[in-house]
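S.K.: Structure provided below as C-alpha cells; questions to follow.
Numbering (the working numbering), first residue to last: 5 to 254.
What follows is the structure, given as C-alpha cells:
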C-alpha cells in the first residue's frame with residue numbers, strides 16, 4: 005500500500021510558485037511546526053504538541069480561503085478556549101506566511117472572470133486547462149452580484165441542475181485537487197504498464213497485490229514510479245509512504 009504524503013499541500017506550493025515552501029518540504033522541515041512557530045512567535049524547536057495541532061489545522065484548513073468563523077470551529081475541536089479573534093489572528097498569520105497561495109486564489113478568479121490565462125470557452129462551458137492538458141469544465145458560468153456562478157448537477161437532489169456560486173479559494177481547491185488526481189492517475193497507468201496488479205485505490209493511495217516473496221522489490225519499484233517526475237509537472241516535490249502487509253489496514 006503506497007500513498008502520496010501531503011500531496012495537496014505539495015501541489016499547492018508548486019502551483020503557487022512557492023519555492024521557499026518546496027525547499028522546506030524537500031529538506032524535511034515539519035510544516036505544521038513551522039506554521040505553529042509563526043502563530044505562537046516561538047522557535048520551531050519549542051513548539052508543543054498542541055501548538056503543532058493548531059499549525060496542522062492551519063496548513064490543512066486555510067489553503068483554500070477558509071475564513072475565521074469556520075476556522076474557529078476547527079480550533080474548538082482542539083481546545084474550546086480559543087476565541088474567534090484567535091482564529092482571525094491565525095488566518096492572518098497563514099495568509100501572510102503563504103502570500104503566494106493567496107495570490108494564486110485571486111489570479112484564478114480574475115482569469116476566470118476575464119476568460120484569460122488557462123481559461124477558454126467551449127460551447128456553454130468555461131474551461132480551465134490543467135498542466136496535464138486535461139480540462140476542468142464549468143457549465144454556463146456567468147458574473148453575478150456575489151462574483152461568479154455556474155450550473156451544477158447535484159446527484160443527491162435527483163440529478164437536478166442548480167446555480168452554484170464559486171469564489172477564489174474554491175477555484176484553487178478545484179485546480180489543486182485536479183492536479184493531484186492527474187498525478188495519481190498517471191502513476192496508476194505507469195504501474196499497470198509495468199505489470200503490477202492494482203486491486204484498489206483509496207483517496208491518494210494505491211493498493212497492489214503481489215507474491216509475498218516479491219513484495220519488497222514490488223514496493224520499491226512502485227514507489228519509484230509514483231515519485232518519478234512528469235513532463236507536465238517539472239519540480240513538483242512528490243513524496244510517497246506506505247507499508248507491506250498481508251491485509252489492507254488504515
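Note that beta-carbon positions come from the ideal geometry of N, C-alpha and C, so glycine has one too. Note that the structure is predicted; figures quoted are calculated from it, not measured.
1) Using a 10 Å radius around the Cβ and a threshold of 16 neighbouring Cβ atoms, would you call residue 165 buried or exposed?
2) Looking only at its own chain, which residues have a Cβ that is under 8 Å from the Cβ of residue 211, when we skip the five neighbours before and after it?
3) Would residue 17 and residue 39 qualify as a contact pair, given that the criterion is a beta-carbon distance under 9 Å?
4) Can you list, in chain order, the stretches of the alpha helix (DSSP H) that have 4 or more residues and sit fully within the segment 71 to 106?
5) Relative to the alpha-carbon of residue 136, which residue among 79, 197, 180 has its alpha-carbon at the smallest distance?
6) Between residue 148 and chain D, is the shortest Cβ-Cβ distance under 9 Å, so that the two count as touching?
7) Going by CA-CA distance only, name the one from 25, 156, 76, 59 that's closest to residue 105.
8) Check for me: the beta strand (DSSP E) holding residue 7 runs from which residue to which?
9) If we ignore side chains and look at the alpha-carbon of each, how far apart do residue 131 and residue 141 end up?
10) Quick check: what's the CA-CA separation for residue 96 versus residue 72?
M.R.: Let me lay it out:
1) Residue 165 sits at position 161 when you count from the first residue of the chain shown. Exposed, because fewer than 16 other Cβ atoms sit within 10 Å of the Cβ of residue 165.
2) As a working note, residue 211 is residue 207 in the chain shown. Counting only Cβ-Cβ distances below 8 Å, and skipping sequence neighbours, we find 5, 202, 203, 204, 205, 252.
3) Position 13 of the chain shown, counting from 1, holds the residue named residue 17. Position 35 of the chain shown, counting from 1, holds the residue named residue 39. It is not a contact, given that the beta carbons lie outside the stated cut-off.
4) Listed in chain order, they are 72 to 82, 88 to 101.
5) Sequence index remark: in the chain shown, residue 136 carries index 132 (1-based). Of 79, 197, 180, the residue nearest in Cα terms is 180.
6) Among the chains in the structure shown there is no chain D, since it carries only a single protein chain.
7) Within the chain shown, residue 105 is the residue found at index 101, counting from 1. When 25, 156, 76, 59 are compared, the shortest CA-CA separation from residue 105 is found for 25.
8) In the chain shown, residue 7 corresponds to position 3, counting from 1. That run of the beta strand (DSSP E) goes 6 to 8.
9) Counting from one through the chain shown, the residue named residue 131 turns up at place 127. Counting from one through the chain shown, the residue named residue 141 turns up at place 137. One C-alpha to the other measures close to 5 Å.
10) In the chain shown, residue 96 corresponds to position 92, counting from 1. In the chain shown, residue 72 corresponds to position 68, counting from 1. Their backbone Cα atoms lie some 9 Å apart in a straight line.
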